[in-house]
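First up is the structure itself, then whatever we jot down about it.
Number of protein chains: 2
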Amino acid sequence: MSKTTRDKLLEQAHVLFARKGFYGTSINDVAAEVSVSKQGLLHHFPSKEKLYAEVLKGAADQLMVMVEQARQISDNPQLQLQSIMQQMSREEEESIRVILLLCRELLDNRDRAETAQQWFLKPFLTELETMVINGQQQGLFDDGVHPLSYIYQLLGAIQYYLMSLPTLQQLYTAKQHKEHQQQHIRLLELTMQRVLVDPVS
Amino acid sequence: MSKTTRDKLLEQAHVLFARKGFYGTSINDVAAEVSVSKQGLLHHFPSKEKLYAEVLKGAADQLMVMVEQARQISDNPQLQLQSIMQQMSREEEESIRVILLLCRELLDNRDRAETAQQWFLKPFLTELETMVINGQQQGLFDDGVHPLSYIYQLLGAIQYYLMSLPTLQQLYTAKQHKEHQQQHIRLLELTMQRVLVDPVS
DNA sequence: AAATGCGCCTACCGATCGGTAGGTTGTGTT
DNA sequence: AACACAACCTACCGATCGGTAGGCGCATTT
């Protein structure tokens, strides 16, 4: 029932890497949060890079769980996509954390890219693409829409909004922000439905 | 005609902060790129924070120049917005650099936010909002669209695409990427025009 | 009872971090 | 000729970085 030290380290690493990035996070910080010495951490993860790699792996798994849940909801590609986008839009700590980690990785990957094997998010992206392609083949979606571009617009809108959240909350009053949040979701749904051949009311 | 050392330092700092972030960049790296000692840099900028602040200031200025150029193109808010989005979409080193710096700042700002004064990008955001509001008042844009949300969708799509560029080029062939790029722009224009009351062909 | 191995520790390493102190140029200004 | 000042420099600081070496306690195995 109680988490192992290793799991706690992994979770805190996820938190800190998402909040301060790879370079901004020291393994000392991570270890201290779990009340373990730095060497206690290095016992479980041979290097900072390996720790980071495992965190990314965990994030990729979380995204694939979203895909799995979407599949269980319906066979309809539109509803599946909608489910995933809704899950990603949830403004909860743990949910946002994955998105921030992803954005950090996109920015940093430029340097790490060569050393990295197959990119950890490719499967997730492929799943989303497949959903759109399926929708098009079933005649539900407009054939003229490029699957990857369509997905990227949605991901961009969602993730950019989430990574701006702290800043937005500072710039605007709570009421203004609430309004923005609602309208953001509404616009997102409009964008999603634009791909439909026969819009559902 | 020739750039001062100070300007060269500022430019290289911009490059490195955009590429590796605040924590991932050392003032030593910046100085070395300009063939100056670290203390040479510290002579011009009293601290790393001050250097970073000046870089941000420069980025904010570049964005405001975009607004200025858009204003000179036309009085029509739609054409103004279109101009800005096109300028931001340019896939050029210097152009992308500003976007990456902005995204980094959004992610890191959470920690620096309290200490930061008025956020350096607020004016730019306000300008964009004003353009949409003007368009609505002139009857060109749909009144039902929330200005900030509308802008954020556009910024999100553009910036997320740009920060993914290196990764995308790795994941897909040059041909696939070219296709994605074209469709990305097409979708962006569709999204922009959705706000129009009377779509222009 | 001896041996093994996991989990975690203290102690320490060289490298690098941002930053300070103080000196040395060269280039006007007076 | 004397001075002032900007534009650098070398030398150095304490702190922190990621990582290594080796030891201690405890549970399990043999």
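Residue numbers (this note's numbering), protein chains in the order written: chain A, 1 to 201; chain B, 1 to 201.
Glycine is no exception: its CB is placed at the ideal position from the N, C-alpha and C atoms.
Predicted model only: the values in this text are computed from it and were never measured.
Cβ contact (3+ pairs, closer than 8 angstroms) linking the segment 65-74 of chain A and the segment 178-198 of chain A: Not touching, per the Cβ criterion.
Work out the CA separation of Val145 of chain A and Gln193 of chain A for me, nearest whole Å. Answer to the nearest angstrom: the Cα atoms are 12 angstroms apart.
Around the Cβ of Glu65 of chain A, are there at least 16 other Cβ atoms within 10 angstroms (buried) or fewer (exposed)? According to the sequence displayed, residue 65 of chain A carries Val and not Glu. Per the 10 Å Cβ criterion, exposed.
Members of the segment 141-156 of chain A near chain B, C-beta cut-off 8 angstroms: Going along the segment 141-156 of chain A in chain order, one finds Val145, His146, Leu148, Ser149, Tyr150, Tyr152, Gln153, Leu155 and Gly156 with a Cβ nearer than 8 angstroms to chain B.
Residue of B:Leu10, B:Leu63 and B:Ala32 minimising C-alpha distance to Glu49 of chain B: Checking every option, the nearest Cα to that of Glu49 of chain B belongs to B:Leu10.
One question on the structure: do Gly156 of chain B and Ile96 of chain A come within less than 9 angstroms of each other, judged by their Cβ atoms? The beta carbons of Gly156 of chain B and Ile96 of chain A sit no closer together than 9 angstroms.
Please return the same chain residues whose Cβ sits closer than 7 angstroms to the Cβ of Val195 of chain B, not counting the five positions on each side in sequence. Beyond the five residues adjoining it in sequence on each side, Val195 of chain B comes within less than 7 angstroms, by CB distance, of Phe141, Asp142, Val145 and Tyr150 in the same chain, given in chain order.
For a contact defined as C-beta to C-beta under 8 angstroms, what are the partners of Gly21 of chain B on chain A? Result: Gly21, Tyr23, Gly24, Leu107 and Asp108.
Checking contacts by CB at 9 angstroms: is Tyr172 of chain B closer than that to chain A? Judged by the 9 angstroms Cβ criterion, Tyr172 of chain B is in contact with chain A.
Can you tell me where the alpha helix (DSSP H) holding Gly135 of chain B begins and where it ends? In the DSSP assignment, Gly135 of chain B falls within the unbroken alpha helix (DSSP H) covering Lys122 to Gln137.
Length at least 3, wholly inside the segment 154-187 of chain B: the beta strand (DSSP E) runs in chain order: The beta strand (DSSP E) runs lying completely inside the segment 154-187 of chain B and spanning 3 residues or more number zero.
Phe17 of chain B - DSSP class collapsed to helix/strand/coil: Reduced to three states, the DSSP call for Phe17 of chain B is helix.
Is the CB-CB distance between Lys38 of chain B and Ile27 of chain B below 9 angstroms? Contact: yes.
Applying the 10 Å Cβ sphere with the 16-neighbour rule, what's the burial state of Val197 of chain A? Burial is judged here by how many other beta carbons sit within 10 angstroms of a residue's own beta carbon; Val197 of chain A has fewer than 16 and is exposed.
For the alpha helix (DSSP H) holding Gly58 of chain A, just list the boundary residues, first then last. Element bounds for Gly58 of chain A: Lys48 to Ile73.
Straight-line CA distance for Gln181 of chain A to Met85 of chain A? Roughly 15 angstroms separates the two Cα atoms.
Since Lys38 of chain B is in the alpha helix (DSSP H), which residue starts that stretch and which ends it? Looking at the DSSP string, the run of the alpha helix (DSSP H) that includes Lys38 of chain B is Lys38 to His44.
Which same chain residues, not among the five before or five after Arg104 of chain A, have their C-beta less than 8 angstroms away from its C-beta? Correct list, in chain order: Phe17, Ala18, Gly21 and Phe22.
Can you tell me where the alpha helix (DSSP H) with Leu79 of chain B in it begins and where it stops? Unbroken alpha helix (DSSP H) run through Leu79 of chain B: Pro77 to Ser89.
Is Thr167 of chain B near Leu106 of chain A, with beta carbons less than 9 angstroms apart? Against a cut-off of 9 angstroms, the Cβ pair of Leu106 of chain A and Thr167 of chain B comes out as a contact.
Please report the residue range of the alpha helix (DSSP H) in which Val30 of chain A lies. Ile27 to Glu33 is the extent of the alpha helix (DSSP H) around Val30 of chain A.
Would a C-beta distance cut-off of 9 angstroms place Ser89 of chain B and Leu162 of chain B closer than the cut-off? Yes.
If Tyr152 of chain A and Tyr160 of chain B are in contact, beta carbons under 8 angstroms, what's the gap, nearest whole angstrom? The beta-carbon distance between Tyr152 of chain A and Tyr160 of chain B, rounded to whole angstroms, is 7 angstroms. This is short enough to meet the 8 angstroms contact definition.
Enumerate in chain order the residues of its own chain whose CB-to-CB distance from Thr4 of chain B is below 6 angstroms, with the five nearest sequence positions on each side excluded. Counting only Cβ-Cβ distances below 6 angstroms, and skipping sequence neighbours, we find nothing.
May I ask you to list the residues that DSSP assigns as paired with Phe141 of chain B? Its beta-bridge partners are B:Leu196.
Exposure of Val200 of chain B, with buried meaning 16 or more beta-carbon neighbours within 10 Å: Low confidence applies here, because Val200 of chain B scores a pLDDT of 48, under 50, leaving its location unreliable and the question unanswered by this model.
Minimum Cβ-Cβ distance from Leu187 of chain A to chain B less than 9 angstroms: Leu187 of chain A counts as touching chain B.
Less than 8 angstroms between the CB atoms is what I'm expecting for Val98 of chain A and Gln62 of chain A, so what's the real figure, rounded? Confirmed, about 5 angstroms.
Any C-beta of chain B within less than 7 angstroms: which residues of the segment 156-169 of chain A qualify? Listed in sequence order: Gly156, Ala157, Gln159, Tyr160, Tyr161, Met163, Ser164, Pro166 and Thr167.
Compare the beta carbon distance of Leu56 of chain A and Phe124 of chain A with 9 angstroms and say whether it is the shorter of the two. Cβ atoms of Leu56 of chain A and Phe124 of chain A: not closer than 9 angstroms.
What in chain B is Cβ-close to Gln137 of chain A, meaning under 9 angstroms? Correct list: empty, because the minimum Cβ distance to chain B is about 18 angstroms.
If you check the beta carbons only, do Val132 of chain B and Leu81 of chain B fall under 9 angstroms apart? In this structure, the beta-carbon distance from Val132 of chain B to Leu81 of chain B falls below 9 angstroms.
Cβ of Asp111 of chain B less than 9 angstroms from any chain A Cβ? Yes, because at least one Cβ of chain A sits closer than 9 angstroms to the Cβ of Asp111 of chain B.
Alpha carbon to alpha carbon, how far is Leu42 of chain A from His14 of chain A? The straight-line gap separating the alpha-carbon atoms of Leu42 of chain A and His14 of chain A is approximately 16 angstroms.
Distance check for Ala60 of chain A and Gln169 of chain A, CA to CA, integer angstroms please. Answer to the nearest angstrom: the Cα atoms are 28 angstroms apart.
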